[in-house]
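Have a look at the structure below before the remarks.
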Amino acid sequence: MKAVKVIVDIVFVSLFLLITFFGIGPILIADGSDRERLIAFLVVLLIYAIWFILLTLWRRKSKEMLSR
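868 is the number of the first residue of the sequence shown in my numbering; add one for each residue after it.
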């Protein structure tokens, strides 16, 4: 079970990095209007929040499974 936990943690971290690269990068470099940048920024923040909630749920569930 610990090997699965490590693999899933690596996947979560990798996807956090991909969200950062493909989300924040274009916001900083985009040539659109300020409103477009703000909307893109809010979408990226929403994706971060959802991903963080999924990570928290995964850790809570894996902790419960390990304690059994």
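Every residue gets a Cβ at the ideal spot worked out from N, C-alpha and C, and that includes glycine.
Determine whether the beta carbon atoms of residue i and residue j lie at a separation below 8 Å.
i    : j    : result
G899 : I914 : no
A916 : P893 : no
L924 : F879 : no
S929 : K872 : yes
Nearest to residue i by CA position, among the options, is which residue?
i    : options          : result
I920 : V873, D901, F883 : F883
T887 : E931, K930, L912 : L912
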